[in-house]
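Worksheet for the structure shown next.
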Amino acid sequence: MAQTHEFKTEVRQLLNLMVHSLYSNKDIFLRELIANAADAIDKARFESVSHPELAREWQIRLEPDKEGKTLRISDNGIGMTEQEVIDNIGTIAQSGTRAFLKALEEKGTGASELPELIGQFGVGFYSAFMVADEVTVLTRKAGSDAPAVRWTSRGEGTFDLEPAEKESAGTEITLKLKPEAEFYLENWKLSEIVGRYSDFIAYPIVLPTRKVNEDKTETVEDRVLNSAKAIWLRKPSEVTEDEHKSFYAHLGHGGGEYLKAIHISAEGVSEFKALLYLPAAMPFNLFLPDFQKKGLQLYVRRVFITDDCKELLPDYLRFVRGVVDSSDLPLNVSREILQENPKLMRIQKALVSRVLSELKKMQENEPETYKRFYREFGKILKEGIHTDYANAEKIKALAMYETMNRAPGELISLQEYVNAMPGSQKEIYYLTGEKRELVAASPALEYYRDHGYDVLFMTDPIDEWVMQSMLQFDKKNFKQIAKGDFDPGEEEKSKLDAVIAEAQKKYAGLIEFLTGVFGDRVAQIRFSGRLTSSPCCLVVEGGALSPQMERLFKAMHQELPPSKRILELNPTHPLVAAMQALLGREPASPLLREYAEVLFDQALLAEGDALPDPGAFTRRLTDLLLKGLGAK
Ligand code: ADP
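With the working numbering as the guide, the letters of the sequence shown map in order to residues 540 to 1171.
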C-alpha cells in the first residue's frame, strides 16, 4: 500500500536535469551518496556518545549485483523517519535546490560545472538519477521506534512511500542502473572512484569481493576500499597534493580549487590539530544563508561534532574551509556549551593568528598569489579591520588598494603607499566611490595629481564602513580628499591663502549671484586650492557622510536627511573670471543662470551622482553649444 507523492516543482526541475544530463563525469554520484552515508554515520556516532547502545562497527557498503543490474550503497548511520524522508528528499526543504537551479540558469544549461554545483548546493542525493532509472531508499531511524520506510522513484515527478521491514538502523540506497551506466557494477570502477574521491572518509567503505582460495573454492570477503586516514592528523610532509585536492573537494562538496593548505598542530594551553584551506576563488554559494551558517568542521578526538560552529572563526575569515580536531573539548559538547566556551575561544585565537600570519607570509613571499587571493576575498577580510580590534593592525597591513597613479587593477599595500610618500606628504590620501572609472575622474584629485602625490582608490562598498575604524596606519592619519577643508600643508598654505583671499574679494559679486541661484542646494560656496583644471566641484564637510556612503544608505532604502554639499570654485579658472565679467557688464543676462546650473550639474556628475533633472541639463548644454557655434 504504497502512497504516491508529488515532488515539489524545483525538485522536479532538478530531477529532469539529472535524468537528461549529458555530463560526462557521472562518477560523482557515488562520491555524493558516500558523503551522505558518512554524514549519517557522523550523526549516529555523535548520538552514540550519550547513547552507547547505538554504537556499531560503523561501515559503508557498496554492493553491486550484476544479474539484477543494481548497485546498493548502504550505511549503518542515523537513518530517517518517514517524515524526514519526505522533508529531505522530495520537498524543497533545502534552500540549496532553488539556488542551484538559479546558478545553473545563469551559467547556461551546458555548464560543465554541474558536478561541482551539485555538491555545493546540497542536492547530491538527486545525482543518483544521472546513472539510475529507478532509485530505492530503504531506511530506519536509529534510536527510535519509527518503522522502516521504503521510498522509490523513477525521477519523473513522483515518488512512492511505503512501510517496510529493515533489520537494523541505517539507510540502503539501491540504484537500478541505466544500461549505459552498467560499468558501475565493476569492482575496479568502484574502487577507482572511491580512491579518487572518498579515500579520506573516516569510515571503512567496504566492497564484498570474490576470492578464489587455494583449494579452488570461492569465498566472498569484505575488501576495504579507502585508507580512512584522517588527513589532518598526518604529518604535513606526508600529505600529497592529490590528497589535499580530494579532501578539499570533500570539504567544499567539490567546490573549486584551494590556494593554500595550512596545517596547525597546537600543544600546550590548547591542544588541537587543524587543516585549513584558503580557497582559490569565491565559491558560488558563499552568499547563501545556509552556507554562511557553516564553518569549519569541528571534531573532538576524531569524532565529528558539527560544521555549524560559528565560534571557530570570526566572520571576516568565513571563506576559510577546513577541519579542527580538538583533544581537550568534551566529546558530548552541545551547541550551547560551544558558545562562549573558553577552550573554543583559545582555539579561535590560535586559528586567527595563524591564518593572518600565513597571509602575511604569502603577501611577502608570493605577492602575485596573494593578490589573486585578495581580489577574491579582500572585501571579506577587510571587515576585520572594523570588527576585530585586537588584530586590526595586522589586517590593515594585509589590505590592498588601487591608486590614482597606478594602472587599473594594480594593487598596493598601505605600507607600499606610505613608503612612496614624498617628504611633504603627512597624511594618507584616499577617495571612495562606486568604481574606479568614476573615482579616477573626480576633480578632487587634480591638486594631488599636479603635485606628485598618489591617492588610494577605495571602491568596495565595504570600504566606507571599514574606514570608520581605520584612523591611522603607520602613525599617519587617513584623509578622504573629497571631504572637509582642503589642506595642502604648511608651505603651500600661505601662498594659497593669498590667492583665495584675493579671489574672495574679486569675485564677491559672483559668489553673491550664485548663492541666489543655488539657495538651499548648497551649504556654502567658497574658493579653494583643491582644483587645478576644473572650474568647480562639490565636497562634503568633514563630519558629514561621504557621497558614496549616502548612495549606499539609499541603496539599502534608508531614509537620510539630504546632506548639503559645499561648492568649491577654482580661483584661477578662466570661466570664473568670464562669468564675473559678464555679471559686471550685463547683470540681468539669462546666460548667467544657465552657466551656473550647468556647472552645478557637472560637479554632481563628476562625483558620480545622478542628476536630479537630466533632461534640463541636456537642454541647457545643447543650448549653450548652439550659442557657442553662433547658431542661436
Ligand atoms: P545534502 O547531503 O547536501 O544535505 P542531499 O540532497 O545529498 O543534500 O541529501 C538531502 C538530505 O537527505 C540530507 O541532508 C540528509 O538529511 C538526507 N539523507 C541523504 N542520504 C542519507 C543517508 N544515507 N542517511 C540519512 N540521511 C540521508
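We treat Cβ as the ideally placed atom computed from N, Cα and C, and that holds for glycine.
Remember, predicted model here, so these are calculated numbers, not experimental data.
Could you name the residues of the same chain whose beta carbon sits closer than 6 Å to that of residue i, not counting the 5 residues immediately before and after it, in chain order?
i, result
"Pro603", "Leu610 and Leu724"
"Leu898", "Leu937"
"Leu837", "Ile844, Thr845, Cys848 and Val863"
"Phe1156", "Asp1140 and Leu1150"
"Lys715", "Thr609, Ala671, Asp672 and Glu673"
"Leu815", "Ile801, Val859 and Gly861"
"Glu1133", "Arg1159"
"Glu796", "Ala819"
"Ser730", "Leu764"
"His783", "Ala800"
How would you call residue i, buried or exposed, if buried means at least 16 neighbouring beta carbons within 10 angstroms?
i, result
"Val751", "exposed"
"Ser692", "buried"
"Glu1146", "buried"
"Lys974", "exposed"
"Lys641", "exposed"
"Arg840", "exposed"
"Thr756", "exposed"
"Glu1003", "buried"
"Leu1165", "exposed"
"Gln902", "buried"
"Asn575", "buried"
"Asn1016", "exposed"
"Pro822", "buried"
"His559", "exposed"
"Gln887", "buried"
"Leu1099", "exposed"
Compute the Euclidean distance between the alpha carbons of residue i and residue j, then round it to the nearest angstrom.
i, j, result
"Leu1106", "Leu1121", "20 Å"
"Leu953", "Tyr940", "8 Å"
"Phe786", "Leu772", "13 Å"
"Gly972", "Met1088", "9 Å"
"Asn765", "Leu700", "33 Å"
"Gly618", "Glu711", "9 Å"
"Asp1148", "Glu850", "41 Å"
"Lys935", "Lys1032", "31 Å"
"Ser1085", "Ile573", "53 Å"
"Val588", "Gly607", "39 Å"
"Tyr855", "Gln1011", "20 Å"
"Thr675", "Asp578", "19 Å"
"Gly1048", "Leu995", "37 Å"
"Gly709", "Asp684", "13 Å"
"Asp566", "Phe639", "19 Å"
"Lys582", "Phe698", "26 Å"
Return the chain-ordered list of same chain residues with a C-beta closer than 7 Å to the C-beta of residue i, the five sequence neighbours on each side being excluded.
i, result
"Ala632", "Low confidence applies here, because Ala632 scores a pLDDT of 48, under 50, leaving its location unreliable and the question unanswered by this model."
"Ser804", "Lys812"
"His590", "Gly682"
"Glu704", "Ala687"
"Leu949", "Per the sequence shown, the amino acid found at residue 949 is Glu instead of Leu. Correct list, in chain order: Glu941."
"Asp761", "Val745 and Pro747"
"Tyr665", "Leu553, Leu554 and Met557"
"Ala594", "Ser587"
Taking 8 Å as the limit between beta carbons, can you name the residues of its chain near residue i, skipping five residues before and five after?
i, result
"Arg911", "Leu798 and Ala819"
"Asp867", "Ser809, Glu810, Phe811 and Lys882"
"Leu1144", "Leu1150"
"Val1137", "Phe1156, Arg1159, Leu1160 and Leu1163"
"Lys1171", "Asp1162 and Leu1165"
Can you round the beta-carbon distance between residue i and residue j to whole angstroms, since I take them to be within the 8 Å contact cut?
i, j, result
"Ile967", "Val978", "Not confirmed; about 16 Å, so no contact."
"Thr1071", "Asp989", "5 Å"
"Leu1035", "Met997", "Between Met997 and Leu1035 the Cβ distance is about 26 Å, and since that is not below 8 Å, they are no contact."
"Tyr992", "Pro961", "7 Å"
"Pro747", "Val759", "5 Å"
"Gly734", "Glu545", "Their Cβ separation, rounded to whole angstroms, is 39 Å, which puts Gly734 and Glu545 out of contact at 8 Å."
"Thr620", "Lys680", "5 Å"
"Gly663", "Glu571", "3 Å"
"Tyr986", "Arg1104", "No, Tyr986 and Arg1104 are not in contact; Cβ-Cβ is about 18 Å, not under 8 Å."
"His538", "Ser1008", "No answer is possible for residue 538: the residues shown for the chain start at 540 and end at 1171."
"Asp614", "Ile599", "5 Å"
"Glu915", "Ile1001", "14 Å between Cβ atoms; not a contact."
"Phe1066", "Ala1042", "5 Å"
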